[in-house]
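Here this note's numbering = 1-based position in the sequence shown + 250. Virtual Cβ for every residue (Gly too), placed ideally from N, Cα, C.
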Amino acid sequence: MSSQKSNKPKQKKKSLALKFFGIVFLMVFTFLIIAGAATMGYLYLNKDKNQLAGDQLKEKQEQDKSSMWDMFKKNEKRKINVAVFGVDEDGTRTDVIFVTSFDTKTKAINLLSVPRDTRIELTEMRWKEMQNNNSHRVPKVVKINEVHAYAGKAKRNEYSVDELERLLDITIDHFVKIDLVAFRKIVDELEGVEVDVPMNMKYSDPYQNLYINLKKGKQKLNGSQAEGLVRYRAGYAEGDVGRIQTQQLFLKAFAKQALSERNILRITNIVRTLYEYVETDVGLDDILQYTKYIKDIQVDNIHMETLPGEGKYVKGTSYFIPDEPKVKEQVARIFSVSEENSNDQKTTKSSQEYSIQVLNGGNVGGLATRTQKKLQEEGYQVSSIGTYKQERQDSTRIIVKEKGMGEDLKKFFVETKVEVDPHALPENIDIQIILGLKEK
Numbered sequence: 251m252s253s254q255k256s257n258k259p260k261q262k263k264k265s266l267a268l269k270f271f272g273i274v275f276l277m278v279f280t281f282l283i284i285a286g287a288a289t290m291g292y293l294y295l296n297k298d299k300n301q302l303a304g305d306q307l308k309e310k311q312e313q314d315k316s317s318m319w320d321m322f323k324k325n326e327k328r329k330i331n332v333a334v335f336g337v338d339e340d341g342t343r344t345d346v347i348f349v350t351s352f353d354t355k356t357k358a359i360n361l362l363s364v365p366r367d368t369r370i371e372l373t374e375m376r377w378k379e380m381q382n383n384n385s386h387r388v389p390k391v392v393k394i395n396e397v398h399a400y401a402g403k404a405k406r407n408e409y410s411v412d413e414l415e416r417l418l419d420i421t422i423d424h425f426v427k428i429d430l431v432a433f434r435k436i437v438d439e440l441e442g443v444e445v446d447v448p449m450n451m452k453y454s455d456p457y458q459n460l461y462i463n464l465k466k467g468k469q470k471l472n473g474s475q476a477e478g479l480v481r482y483r484a485g486y487a488e489g490d491v492g493r494i495q496t497q498q499l500f501l502k503a504f505a506k507q508a509l510s511e512r513n514i515l516r517i518t519n520i521v522r523t524l525y526e527y528v529e530t531d532v533g534l535d536d537i538l539q540y541t542k543y544i545k546d547i548q549v550d551n552i553h554m555e556t557l558p559g560e561g562k563y564v565k566g567t568s569y570f571i572p573d574e575p576k577v578k579e580q581v582a583r584i585f586s587v588s589e590e591n592s593n594d595q596k597t598t599k600s601s602q603e604y605s606i607q608v609l610n611g612g613n614v615g616g617l618a619t620r621t622q623k624k625l626q627e628e629g630y631q632v633s634s635i636g637t638y639k640q641e642r643q644d645s646t647r648i649i650v651k652e653k654g655m656g657e658d659l660k661k662f663f664v665e666t667k668v669e670v671d672p673h674a675l676p677e678n679i680d681i682q683i684i685l686g687l688k689e690k
């Protein structure tokens, strides 16, 4: 995946503000990316003449993937998935991670937040690539926001998207990466947001250049004041719950303002102004073609969720551990598309046609042999077995050459995830099963 790199000013701000900017910018920018997708017969005019996105980006888009419009024409009823990454103060780690799914039939928008500390295990091939791209030691198990840092500058966006796809077992069509400075910029560009501030808020931190002085009551906030509202932490009887309620209050007010008739009329100029603050694989010319359909987006059709799981310490490190059964249910509900609504369905291939290797990555002796016997009784070709020589695996991994393979093997295991990684497979092996600790 390639990207357009903007020369973006750096701003020393705490990461909290970024979390809300991620949602805020998403509500405008991503809408513009995808809002026109469901409109039938729309003519994609003057694309070759429009140079706003830059010759370099266009060349890359032509080489790496078809234009958004081509994708939409071929899959008019499909869901479009856009990853949104908010980078931290120095631009190294992704402090905010969202995946947005847009249903082009119902025009519903679902935002799934992935906690930055989500624990993932890198594939052998990806780990080696990161080692080669990094002067520091790269662990096999990382937090998902560390992928952006370990990947190296040239591969940050590609690897971040890849690992998000692998975590959720979905396809991501496009990405948007944003930084802190745009939070205030976008609110000011919309000429402020009217919010009912729940209480008096006063805070001063010269070191962070943060000065909050808001009075309780309904008022229009500019970009700096809005930043203070969402960053304020003290005074909530409910703790974080109360603070989140205020944040949601702001987001609803923002969406209402962004989708107002006046701002819809100004949306082209707004997009032109904000585009320089993002890094994305979507050209400005593509986005501008769809601005006329922003009015189709309704605030009530926006739904926000967070990846289910819990925080835990593993070997002295704090991680967010996803609840895999709940994640599967959530992902299916948000991202799946029924066959009648999609021409982009993933074709499942029978694993009985391929050569399988089974490796014991758990602690139970003889597990690979028993698994080989079970699979052979079901008609599968297990050509070799052995012991996995790397770190023990929590869950079973099925590594395949291409999408659609290995899905029919998942039913034999307690918890498993299919990974497409052809470079990690030994010669003459099409599917590798690494048994996890949860298998008995």
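| Who are the Cβ neighbours of L414 in its own chain at under 6 Å, not counting the five residues just before and after it? | Indexing the sequence shown from 1 puts residue 414 at position 164. Closer than 6 Å at Cβ, skipping near neighbours: A333.
| query | Which of the three DSSP states, helix, strand or coil, is assigned to K565? | reply | Position 315 of the sequence shown, counting from 1, holds the residue named residue 565. Note: K565 maps to coil in three-state DSSP.
| Does DSSP put F570 in a helix, a strand or coil? | Start at 1 with the first residue of the sequence shown, and residue 570 comes out as number 320. Looking at F570 - three-state DSSP - the assignment turns out to be strand.
| field | R522 versus I552: straight-line alpha-carbon distance, rounded | value | Within the sequence shown, residue 522 is the residue found at index 272, counting from 1. Within the sequence shown, residue 552 is the residue found at index 302, counting from 1. Approximately 24 Å between the Cα atoms of the pair.
| field | Exposure of G566, with buried meaning 16 or more beta-carbon neighbours within 10 Å | value | Counted from its first residue, the sequence shown places residue 566 at position 316. Label assigned to G566: exposed.
| task | For the stretch 374 to 393 and the stretch 571 to 579, state whether three or more C-beta atom pairs, one from each stretch, are separated by less than 8 Å. | result | no
| field | C-beta contact flag for A618 and G636 at 9 Å | value | Within the sequence shown, residue 618 is the residue found at index 368, counting from 1. Within the sequence shown, residue 636 is the residue found at index 386, counting from 1. Closer than 9 Å, so yes.
| field | Inter-residue Cα distance where the pair is R583 and T666 | value | As a position in the sequence shown, residue 583 is number 333, starting the count at 1. As a position in the sequence shown, residue 666 is number 416, starting the count at 1. Approximately 19 Å, taken between the alpha carbons.
| How far does the alpha helix (DSSP H) with E555 in it reach, from first residue to last? | Within the sequence shown, residue 555 is the residue found at index 305, counting from 1. Looking at the DSSP string, E555 is not in any alpha helix (DSSP H); the run it does join, the beta strand (DSSP E), is 552 to 556.
| query | Does DSSP put I520 in a helix, in a strand, or in coil? | reply | Working through the sequence shown from its first residue, we reach residue 520 at position 270. Shown here, I520 sits in a helix according to DSSP, grouped into three states.
| Enclosing beta strand (DSSP E) for F425 [first to last residue] | By 1-based counting over the sequence shown, the position of residue 425 is 175. It spans 424 to 428 - the beta strand (DSSP E) in which F425 sits, taken as one unbroken run.
| message | When you compare the stretch 650 to 660 with the stretch 610 to 617, are there three or more beta-carbon pairs, one atom per stretch, that lie closer than 8 Å? | response | no
| query | Nearest-angstrom Cα distance between G478 and Q507? | reply | Within the sequence shown, residue 478 is the residue found at index 228, counting from 1. Within the sequence shown, residue 507 is the residue found at index 257, counting from 1. C-alpha separation (whole angstroms): 18 Å.
| task | Please list the segments of the alpha helix (DSSP H) lying wholly inside the stretch 410 to 489, counting only runs of 4 or more residues, in order along the chain. | result | Inside the stretch 410 to 489, DSSP marks whole alpha helix (DSSP H) runs of 4 or more residues at positions 432 to 439, 473 to 481, from first to last along the chain.
| Which partner residues does E560 have in the DSSP bridge list? | Against the sequence shown, residue 560 aligns to sequence position 310. DSSP, once it has assigned bridges, lists I571 as partnering E560.
| message | Quick check on this structure: which residue in Q602, I649, L515, K393 has the alpha carbon closest to the alpha carbon of K562? | response | Taking the sequence shown and counting its residues from 1, the one referred to as residue 562 is at position 312. Answer by Cα proximity: K393.
| Is the beta carbon of I648 less than 9 Å from the beta carbon of I679? | As a working note, residue 648 is residue 398 in the sequence shown. As a working note, residue 679 is residue 429 in the sequence shown. Contact: no.
| Quick one, which of D455, K435, N459, A487 has its alpha-carbon nearest L471's? | Position 221 of the sequence shown, counted from the start, is the residue given in the question as residue 471. Checked all of D455, K435, N459, A487; the closest Cα to L471 is K435.
| task | Please classify I232: does DSSP put it in a helix, a strand, or coil? | result | Nothing can be reported for residue 232: it is not among the residues displayed for the chain, which extend from 251 to 690.
| request: Kindly give me the distance between the Cβ atoms of F335 and V349, rounded to whole angstroms, as I take these residues to be in contact under 8 Å. | output: In the sequence shown, residue 335 corresponds to position 85, counting from 1. In the sequence shown, residue 349 corresponds to position 99, counting from 1. About 10 Å; that fails the 8 Å criterion.
| message | Give me, in chain order, the residues of the same chain whose beta-carbon lies closer than 6 Å to that of A399; leave out the 5 immediate sequence neighbours on both sides. | response | As a working mapping, residue 399 is identified with position 149 in the sequence shown. Excluding residues within five positions, the ones whose Cβ falls inside 6 Å are T342, R343.
| How many angstroms separate the CA atom of E529 from the CA atom of K452? | Here residue 529 is taken as the residue at index 279 of the sequence shown, counted from 1. Here residue 452 is taken as the residue at index 202 of the sequence shown, counted from 1. For E529 and K452, the distance between alpha carbons rounds to 34 Å.
| task | Identify the continuous beta strand (DSSP E) that holds R647 and give its terminal residues. | result | On the sequence shown, position 397 is the one that residue 647 refers to. Note, R647: beta strand (DSSP E), 646 to 650.
| query | What is the DSSP secondary structure of F585, reduced to helix, strand or coil? | reply | Taking the first residue of the sequence shown as position 1, residue 585 is located at position 335. Helix, per DSSP.
| said: Using a Cβ-Cβ cutoff of less than 8 Å, which residues in the same chain neighbour S605 once the five nearest sequence positions on both sides are dropped? | reply: Working through the sequence shown from its first residue, we reach residue 605 at position 355. Here the set comprises Q631, S633, N678, I679, D680, I681.
| Taking the alpha carbon of V608 as the point to measure from, which residue in Q622, Q602, K599, S600 has its own alpha carbon closest? | Position 358 of the sequence shown, counted from the start, is the residue given in the question as residue 608. Comparing alpha carbon positions, the residue from Q622, Q602, K599, S600 closest to V608 is Q622.
| query | If you count every other CB in all the chains shown that lies within 10 Å of the CB of P676, and 16 or more means buried, which is it? | reply | Here residue 676 refers to the residue found at position 426 when the sequence shown is read from its first residue. So P676 counts as exposed.
| task | Would you kindly check if the distance between the Cβ of E627 and the Cβ of F663 is under 9 Å? | result | The sequence position of residue 663 within the sequence shown is 413, counting from 1. The sequence position of residue 627 within the sequence shown is 377, counting from 1. No, these two residues do not count as a Cβ contact at 9 Å.
| request: Compute the Euclidean distance between the alpha carbons of A285 and G467, then round it to the nearest angstrom. | output: Here the question's residue 285 lines up with position 35 in the sequence shown. Here the question's residue 467 lines up with position 217 in the sequence shown. Low per-residue confidence applies at A285: pLDDT is 37, beneath 50, and the placement is therefore not dependable, though the value from the model is reported in the following sentence. C-alpha separation (whole angstroms): 34 Å.
| Inter-residue CB distance, R369 and V564 (contact presumed, cutoff 8 Å) | Along the sequence shown, one-based indexing puts residue 369 at 119. Along the sequence shown, one-based indexing puts residue 564 at 314. The pair is a contact, with the Cβ atoms about 7 Å apart (cut-off 8 Å).
| field | Supposed contact pair V437 and A692 - C-beta distance, whole angstroms, cut 8 Å | value | A question about residue 692 goes unanswered here, because the residues of the chain that appear run from 251 up to 690.
| Under a Cβ-count criterion, where at least 16 other Cβ atoms within 10 Å of its own Cβ denotes burial, should N395 be classed as buried or exposed? | Within the sequence shown, the letter at position 145 stands for residue 395. Looking at its Cβ environment, which holds 16 or more other Cβ atoms inside 10 Å, N395 is buried.
| request: State the DSSP-derived secondary structure class of V388, mapped to helix, strand or coil. | output: Taking the sequence shown and counting its residues from 1, the one referred to as residue 388 is at position 138. Coil at V388, not helix or strand.
| field | R731 to T356 span [Cα, whole Å] | value | For the chain, the structure presents residues 251 to 690; residue 731 sits outside this window and is missing.
| field | Sheet register partners of G636 (DSSP bridge) | value | Along the sequence shown, one-based indexing puts residue 636 at 386. L609, per the DSSP bridge assignment.
| Should H673 be labelled buried (16 or more other beta-carbon atoms within 10 Å of its own) or exposed? | For the purposes of this step, residue 673 is taken as the residue at position 423 of the sequence shown. Per the 10 Å Cβ criterion, exposed.
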